[in-house]
Amino acid sequence: MQRPTTFADARASFEDAEFVIVGIPFDRTTSFRPGARFGPDSIRLHSWNFESYDLETGIDLEDAPVHDLGNAEEFGSSEDMVRTVREEIGPIYSAGKVPIVLGGDHACSPPVVEAYPANAPSLGVLYLDAHMDFRDNYLGDRRSHACSSRRILEKVGSRNVVVLGVRSVSRQEIEDNKGIGMAYVTAHEIAREGIASAVQRALNMLKTERIYISLDIDAIDPAYAGATGTPEPFGLTPRDVKYILGQAAPRLAGFDIMEVSPPYDNGNTSLLAARLAREAIVRSLAARRSH
Ligand code: MN
Ligand code: MN
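Numbering of the sequence shown is given in my numbering, commencing with residue 12 and proceeding in unit increments.
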C-alpha cells in the first residue's frame, strides 16, 4: 500500500487546529481476525477520494482547522499502548481541541477517554458497537477490546455511557450489567422505533455537557462495513451514523473510529470510515461556528 502522509485536507498547524487527527496502529487484543493496526493509514489513504467542499454545511475542508499528528509510536503490551495514548491525547484536550482518533482495535478507545482532563466540562460517551464490550477481563486482559465499554464506564460513571447498535452479547455481560445499569439501545430497537427516536432517547440519557463518540465500525452492517475483526449482521446503516454525528455535533468532545481491518477491505470500509471522520469534523465545526 502507498503510504499517505496525512489525512486529506488536514493542512492546519497544531497550534491553529480545532480538530487533531491521531492514528493508533494497535490490534493486539483482536479476538477473531486481526488487521486493525493497518486502519489509520488505510483510512488516511481513502480520505483523498472526497471533494473538500461539504454540500450540506457549506464548509470547505481545505479551509477547516484540522491537523494530522500522524500515528502514535508502535507498542508492546496493551498497558504500554494505554500509557502512550493517554500521553498523546491529553495535550489535545488541554489545548481546547477535539481529537479525531483512527484505530486500531477497540482497546484503543478507553485511554482516549481517560485522557480527558478532570477540570473540563462533564463528559458522557456514546458507544456505537454491535457488541457490548462489557467483560471485566478477556483471557486475563482487562485492556482487551472486549472490555472497552467497561473501562470507559469506570472513568466517566455508569450513568454517562450509552451503547447504541448492540446486537451481540454474552449472558455474563447481561448478568454483570444488572448490578451496574449501563444503558443500551439495541440495533433491533433502532430498526423498530426509527433512528431519530432512538438517537433522541440515547442523547437524552446523557446529561453531560460534552459527548465523546466511540464508533466501532462493526456497529454498521457488514453489508457496508464488512472489513472488520468481528462482523455482525443486522447493523446500522452509514446514514444512521451520519445522522447520529449530526445530532451530537454541538456537544462533541472527541470522536474515534475503531476496528477497520484493511486486510479484509475492498476499499469500501476504509472509505466509509474516512467519510464519517470528515462528517464529524464538518458537523462539529458548523455547530461551533453558529455559536
Ligand atoms: Mn467494540
Ligand atoms: Mn464490536
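Backbone N, C-alpha and C fix where the C-beta goes; we use that ideal spot for every residue, glycine too.
For the structure I just gave you, are there three or more beta carbon pairs, one from the region 50-69 and one from the region 260-271, closer than 8 Å? yes
For the alpha helix (DSSP H) holding residue 152, just list the boundary residues, first then last. Per DSSP, residue 152 belongs to no alpha helix (DSSP H) and is neither H nor E.
CB contact flag (residue 220, residue 133, <7 Å): Between residue 220 and residue 133, the CB-CB gap stays under 7 Å.
In this structure, does DSSP put residue 110 in helix, strand or coil? strand
To the nearest angstrom, how far is the alpha carbon of residue 200 from that of residue 24? 43 Å
Distance between residue 226 and residue 26 (C-alpha atoms, nearest Å): Taking C-alpha positions only, residue 26 is separated from residue 226 by approximately 27 Å.
Looking at residue 293 and residue 70, is the spacing between their C-beta atoms short of 7 Å? yes
Mapping the DSSP letters down to three states, classify residue 130 as helix, strand or coil. coil
Please list, in chain order, all residues of the same chain as residue 112 whose beta carbon is under 6 Å from its beta carbon, the five residues on each side excluded. 33, 123 and 267
Taking buried to mean at least 16 other C-beta atoms within 10 Å of its own C-beta, is residue 115 buried or exposed? buried
Tell whether a beta-carbon distance below 7 Å holds between residue 57 and residue 21. In this structure, residue 21 does not lie closer than 7 Å to residue 57 by Cβ.
Please go through the same chain and pick out, in chain order, the residues whose beta-carbon is closer than 7 Å to the beta-carbon of residue 117, but skip the five residues on each side of it. 144, 156, 159, 227, 269 and 270
Per DSSP, what kind of secondary structure is residue 41 in: helix, strand or coil? coil
Which term fits residue 109, buried or exposed, when burial requires 16 or more other beta carbons within 10 angstroms of its beta carbon? buried
On a Cα-Cα basis, can you pick out the residue from 19, 63 and 68 that is closest to residue 257? Looking from the CA of residue 257, the closest CA among 19, 63 and 68 belongs to 68.
CA-to-CA distance, residue 64 to residue 184, given in whole angstroms: About 43 Å.
Whole angstroms is fine: what's the gap from residue 203's alpha carbon to residue 295's? 28 Å
Could you give the residue range of the alpha helix (DSSP H) that holds residue 219? Residue 219 -> no alpha helix (DSSP H), and no H or E assigned at all.
Three-state secondary structure (DSSP) at residue 277? coil
Euclidean distance between Cα positions of residue 138 and residue 169: 13 Å
Give a single yes or no on whether residue 227 has its beta carbon closer than 6 Å to a heavy atom of ligand 3. Only ligand 1 and ligand 2 can be found as ligands here, which leaves ligand 3 out of the picture.
Taking all protein chains shown into account, decide if residue 135 is buried (16 or more other Cβ within 10 angstroms of its Cβ) or exposed. Under the 10 Å beta carbon count, residue 135 is surrounded by 16 or more other beta carbons and is classified as buried.
Would you say the region 74-92 touches the region 36-48, given that touching needs at least three Cβ pairs under 8 Å? yes
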